[in-house]
């Protein structure tokens with residue numbers, strides 16, 4: 001019975017379709033005219049689009065996305081770029097190109113160039129980069145009332161005194177009304193000011209709470225009765241750090257702060273130093289010395305300040321996550337923007353004139369360390385087998401007896417200046433996926449030196465920001481990622497050598 005009903009429905013469907021087709025063929029019938037007309041217009045539209053595309057000028061490739069299916073097309077795109085700009089496995093200057101996980105197709109994506117702010121706003125905020133959406137704010141005669149900033153942690157404590165404390169202790173819970181206000185200042189109109197923006201097209205992070213408190217304080221004139229005669233004259237940078245003991249993330253914080261420092265120096269003749277205030281409660285970290293070294297002024301935590309402090313010039317620095325050095329799927333690296341920062345770091349670390357040695361190889365081995373209250377002293381970012389780097393060292397010496405290899409255990413005992421000095425003389429830097437890859441940025445790529453510097457990243461991660469980060473180097477640097485699964489196999493050693 002079931003089968004008979006099914007056949008009946010099937011036969012009826014065939015009858016209906018046959019009837020519709022007869023109507024289409026019979027152009028004199030009303031339904032046939034309508035259906036035939038629709039088919040004719042569809043074919044005509046497709047043909048017209050094809051003709052237009054065939055004779056139209058090719059689109060600009062400033063912002064493009066597509067798949068490259070063959071090596072010829074990839075080579076064609078490479079040749080359109082300036083010389084020496086194709087220099088990493090994962091991409092080239094101006095975009096990304098790489099095999100997908102399925103194996104076969106090249107993906108090509110271009111992004112707009114990264115930019116830098118041109119000037120400081122006046123009692124307002126400015127978008128640092130249209131791609132990263134980072135926001136920088138500058139205020140005159142800013143008043144900070146420490147008693148109205150709610151945070152459990154003091155900040156700057158010796159690490160061993162706060163082990164196992166919760167991370168939330170180290171961040172501000174609430175900026176109460178009046179915690180941050182302005183004294184005798186004029187304010188921009190809400191229609192044009194980033195300070196009063198309510199949309200989500202900016203990346204504020206900690207600044208969302210700071211600016212919310214400021215707006216509430218402004219509406220209530222909370223800073224009107226503050227005596228501003230004793231304001232701190234040295235310009236001061238304010239920021240919240242999120243990953244303060246990881247070299248890459250610390251570098252992104254410092255880089256954003258340096259952009260603010262440059263703008264302050266332009267507006268303030270003979271500026272030699274700026275102060276830094278951390279709006280967090282992190283304990284003492286092994287990278288904290290970077291801040292005083294690079295900016296030359298006093299560095300403190302907000303909860304270590306006196307109850308009320310006034311600042312003649314205060315800049316709130318964008319969160320490190322919005323730093324253009326991240327570069328991933330956001331904007332195209334522009335080494336010329338980073339050069340002033342790089343030169344300044346080399347100057348304050350006294351490493352500018354360290355010569356590069358052609359056969360010098362630095363091998364960095366991750367060492368489990370205790371760097372923050374939640375550290376277990378066991379984990380590393382990439383777990384390579386015991387003796388992996390030593391095995392690699394032996395293999396390189398066998399293949400290249402003239403190689404000058406320096407084997408270094410990378411841990412928290414190395415100061416920032418020592419780390420920069422370590423890699424300045426190296427032609428090749430080898431290390432696992434982790435913060436030590438950040439040091440490729442400081443390798444010596446003086447244009448007067450022949451040859452190319454090389455950084456090799458051993459990883460068992462599908463994702464890495466260091467390939468994109470390497471594009472902030474000059475064109476004479478190559479970054480290579482090699483997948484290893486804990487144990488360095490002979491094929492891996494052969495590839496590296």
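Numbering (the numbering used here), first residue to last: 1 to 497.
Virtual Cβ for every residue (Gly too), placed ideally from N, Cα, C.
As the structure is a prediction and not an experimental result, all values here were calculated from the model.
Where the beta strand (DSSP E) containing residue i begins and where it ends
i           : result
residue 481 : 477-483
residue 141 : 135-145
residue 300 : 296-301
residue 390 : Segment 388-399 is the alpha helix (DSSP H) holding residue 390; no beta strand (DSSP E) there.
residue 182 : 180-182
6 Å CB neighbourhood of residue i in its chain, flanking five on each side removed
i           : result
residue 214 : 180
residue 507 : Since the displayed the chain opens at 1 and closes at 497, residue 507 lies outside it and no answer follows.
residue 239 : 317
Bridge-paired residues (DSSP) for residue i
i           : result
residue 404 : 360
residue 174 : 150
residue 430 : 363, 456
residue 311 : 142, 232
residue 125 : 137
residue 215 : Per DSSP, none; premise fails for residue 215.
residue 410 : 366
residue 326 : Per DSSP, none; premise fails for residue 326.
residue 203 : 134
residue 332 : 113
Own chain, CB closer than 7 Å to residue i, minus 5 neighbours either side, in chain order
i           : result
residue 405 : 361, 363, 393, 396, 397
residue 297 : 234, 273, 274, 275, 276
residue 403 : 359, 361, 396, 397
residue 170 : 153, 280, 281, 282
8 Å contact criterion, which residue i and residue j should meet: CB distance rounded
i           : j           : result
residue 409 : residue 365 : 5 Å
residue 112 : residue 331 : 6 Å
residue 472 : residue 260 : The pair is not a contact, with the Cβ atoms about 19 Å apart (cut-off 8 Å).
residue 318 : residue 256 : 5 Å
residue 157 : residue 283 : 4 Å
residue 373 : residue 165 : 5 Å
Start-to-end residues for the alpha helix (DSSP H) that takes in residue i
i           : result
residue 469 : 466-469
residue 271 : No alpha helix (DSSP H) contains residue 271, which DSSP labels as neither H nor E.
residue 437 : No alpha helix (DSSP H) holds residue 437; DSSP gives it neither H nor E.
residue 493 : 490-496
residue 421 : 416-424
residue 341 : 335-348
Chain-order list of residues whose beta-carbon lies under 8 Å from that of residue i (same chain, five-residue window excluded)
i           : result
residue 8   : Low local confidence applies: a pLDDT of 35 at residue 8 is under 50, so the model's placement there is unreliable, and no value is given.
residue 349 : 293, 416, 417, 420, 421
residue 305 : 144, 146, 277
residue 84  : Unreliable placement is indicated for residue 84, whose pLDDT of 31 sits below 50; the coordinate value is still reported in the next sentence. Hits under 8 Å: 475, 476.
residue 352 : 343, 346
residue 303 : 146, 149, 151, 153, 154, 155, 281
residue 203 : 132, 133, 134, 135, 318, 319, 321, 322
residue 407 : 363, 365, 389, 390, 393
residue 230 : 310
Any beta strand (DSSP E) of 3 or more consecutive residues that is wholly inside the segment 231-280: 236-239, 274-278
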